[in-house]
Every structure is written in structure tokens, then in C-alpha cells.
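Asker:
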Amino acid sequence: MSVSDRHIIVTGGGTGVGAAVAETLAHAGAKVTILGRREAPLRAVAKQHKFIGWITCDVTDRQAVDAAFRQARELNGPIGAVIANAGAAQSMQFRKTTVDAFQHMLDVNLTGVFNCFQAALPDLELAGEGQLIAVASTAGLKGYPYVAGYCAAKHGVVGLTRALAVELASTGITVNAICPGFVETPMLERSISNISEKTGMSAQDAAKSLKRGNPQQRFIQVDEVAGAVLWLCSSSARSVNGHTLNLTGGEI
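Using the numbering used here, you'd call the opening residue of the sequence shown number -14 and step up by one each time.
1) Beta-carbon separation of HIS(-8) and ILE37 under 7 angstroms?
2) Can you tell me the Cβ-Cβ gap for TYR135 and ASN94, rounded? I've got them flagged as a contact below 8 angstroms.
3) Per DSSP, ILE237 forms a beta bridge with which residues?
4) When you compare only the Cα positions, how much space is there between ILE237 and ASN231?
5) Quick check on this structure: which residue in THR(-4), GLY14, ALA73 has the alpha carbon closest to the alpha carbon of TRP39?
6) Please state whether the Cβ-Cβ distance between ILE19 and ALA29 is less than 7 angstroms.
7) Nearest-angstrom Cα distance between GLY1 and ARG175?
8) Mapping the DSSP letters down to three states, classify GLY21 as helix, strand or coil.
9) Anyone know if the C-beta pair for LEU217 and THR9 falls short of 7 angstroms?
10) Pick out whichever of VAL67, VAL168, HIS12, GLU169 has its Cα sitting closest to the Cα of LEU106.
11) What three-state label does DSSP hand ILE177 in the structure shown?
12) In angstroms, rounded to a whole number, what distance separates the CA positions of GLY110 and GLY62?
13) In the DSSP output, which residue or residues are listed as bridge partners for ALA66?
14) My assumption, with CB atoms under 8 angstroms, is that ALA150 sits in contact with THR156. Please give the rounded CB distance.
15) Between the region 80 to 100 and the region 191 to 204, are three or more C-beta pairs nearer than 8 angstroms?
16) Would you kindly report the start and end of the unbroken alpha helix (DSSP H) that includes ALA53?
17) Rounded to whole angstroms, what is the Cα-Cα separation between SER(-11) and ALA15?
18) Tell me the rounded alpha-carbon separation between GLY166 and PHE102.
19) Nearest to GLY212 by CA position, among ALA5, ALA121, SER(-13), is which residue?
20) Give me the Cα-Cα distance between GLU152 and GLY115, rounded to the nearest whole angstrom.
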């Protein structure tokens, strides 16, 4: 199995990891539909390759997800894989975290994955093969201070992945999670700025503080995550199921 001519949906496909994943899959011959909340970045990514289409969608809205997946099928045919990459991060002390802020982390990072996996499942079951891949985080495997909601949601994604992998094992569908450390993206840049503002550290020192967790003393690059996705979608990974693929430089 290769990705050539297969229809793959990538959520959060307008920037960062999602954009890199979409471009990598398209260059490998896949028909890619990217989803995201903002039209402009989706359009910009879609212009990079003729095999990339786009649909605006908020993954926390189940009706919107179902409608987007129906539209994607009309454009590119049955869905062969889903890369659930859409996410959001927010840092604050636990004692100051509101219920609404906590719920938002769960809605975007966990329920969004649930919505997209469930919306695609009928196509994969009918085909008797396919991949459900969640882009989780090391925050799904360990704790970090000031991001309790994010950690809780990402731990939930890992749990969902492992449960579905067992439930669907006999169907030919594999379910896996990719857990990178800090990835050099616009979202990371915002996190560094936030640390700098709250602590008085320079942006350079704030970045160094985050790199210390990686034994290689560097940030993960988007092409590394995209390469992992491409491999998990290939026949070489057909026995990899319920796995958390850690891209951490040895941190985990």
C-alpha cells in the first residue's frame, strides 16, 4: 500500500505541521483535503500542489465536520486515511484555569480527533483498510507545568488511539499517534513569546529553556513529523497499531 491516488484528510492543514504533512503526502501522489478554520492559509497551502484541496471547518463542531467530510468525498472520493492534526495550546497556572479554558483544550485537542475519526470510519471499514493517525504530543505521555488542560487532552488522544487500535484491529484499519516534542512552528513561536513576556527572559533564552528537554538540544522539524505520517500510511507500517511514535530526540 502506498499513498498514491488515495484520498487523505489532514486537519489543521493551513500552517505548521499540517501544511508540511499535506505537501509531503501530495508529493507522494495522494489526493489531499486540508481542513482548517481560516480560509487564507488553507488557500496558500493548496496553491503549492495540484493534489491539495481545502475546506474550512471547525473540528469541534460535529455538524461542520460531517458536512466537510461529505464535501471532501464529493471532491476526491472515499476517504482512505485521516491525519488529525488540528490543535491548540494555552498556558496558565492550574489555580487560574477556568472551566471554559479547560473545556476548550478538550474540545479542540481531543473531541476534534474523535469527531474526525468517527466521520471517516465508514469509508475505512467499507474498504477494509486505512489509517487513523493523531498528531498528539509528548504532553500525551508526560506532564508539563502550566498546561494541565493541554496535557489532559493529549493524554486523552493517546488513550483514544490505543482503545480504537484494539477495537478495529480485525478490520484492517490501523490507529496510531505521533508524539513529537516541541516542533518549530508558528505555535511554538507564540509560546516562546508568551514565556518571554511572563518571565522577562529574552526570546533566545526562552527557546533555549525549551530545547533543554530534548537530549539533542534542538526543536523537532515539521518534515520529521510529515515523514512519520507518510511511513504510517504505507504498507511497511501495516503491523504498527496502537503505537505512540515518539519524535523527541531521546526525551521519551
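Ideal Cβ placement from N, Cα and C applies to all residues, glycine included. Quick caveat: nothing in here was measured; it's all calculated off a predicted structure.
Answerer: With the given structure in hand:
1) Contact: no.
2) TYR135 to ASN94, Cβ: 7 angstroms. Contact.
3) Residue pairing from DSSP leaves ILE237 without any beta-bridge partner.
4) The alpha-carbon atoms of ILE237 and ASN231 are separated by roughly 7 angstroms.
5) When THR(-4), GLY14, ALA73 are compared, the shortest CA-CA separation from TRP39 is found for THR(-4).
6) Against a cut-off of 7 angstroms, the Cβ pair of ALA29 and ILE19 comes out as no contact.
7) Pairing GLY1 with ARG175, the inter-Cα distance amounts to about 12 angstroms.
8) GLY21: strand per DSSP, three-state reduction.
9) No. Outside cutoff.
10) The candidate whose alpha carbon is nearest that of LEU106 is VAL67.
11) The answer is helix: DSSP assigns ILE177 an H, G or I state.
12) Per the sequence shown, residue 110 should be read as Glu rather than Gly. One C-alpha to the other measures close to 15 angstroms.
13) DSSP lists ILE(-7), GLN116 as partners of ALA66.
14) Contact doesn't hold; Cβ gap of about 11 angstroms is too wide.
15) With a cut-off of 8 angstroms, the region 191 to 204 and the region 80 to 100 do not count as touching, because too few Cβ pairs lie within range.
16) Note, ALA53: alpha helix (DSSP H), 47 to 61.
17) A straight-line Cα-Cα distance of about 5 angstroms links SER(-11) and ALA15.
18) Taking the straight line joining both Cα atoms gives about 23 angstroms.
19) It is ALA5.
20) Cα to Cα, the separation comes out at about 14 angstroms.
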